[in-house]
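Residue numbers (the numbering used here): 1 to 79.
Where a beta carbon is used, it is the ideal one built from N, C-alpha and C, also for glycine.
Source: prediction; values computed, not measured.
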């Protein structure tokens, strides 16, 4: 039987998760307002952002729901 109460690593997992959310949010805010250089699609193939579209809050929410945030980060056009 495993007792989780006395495990000192439990708090670290919670901090890791919140830390990951912090960095994800920081990355998202850094790309807001930039255009995309590729089409960003959801898992069903529906277009979320087309080439040249500006990344906004609504698009970010759609991308998060579709679980394709990594595709969005690769599609950002920065010069």
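Beta-carbon gap between residue i and residue j smaller than 8 Å
i: residue 51; j: residue 68; result: no
i: residue 42; j: residue 66; result: yes
i: residue 31; j: residue 54; result: no
CB-CB length for residue i against residue j, believed under 8 Å
i: residue 28; j: residue 40; result: 13 Å between Cβ atoms; not a contact.
Closest by C-alpha distance to residue i, when choosing among the options
i: residue 57; options: 25, 16, 46; result: 25
Note to self: Extract the residue ranges of the beta strand (DSSP E) inside the segment 13-68, only unbroken runs of 3 or more that lie entirely within it.
What the structure shows: Restricted to the segment 13-68, the beta strand (DSSP E) segments that are unbroken, complete and at least 3 residues in length are 47-49, listed in chain order.
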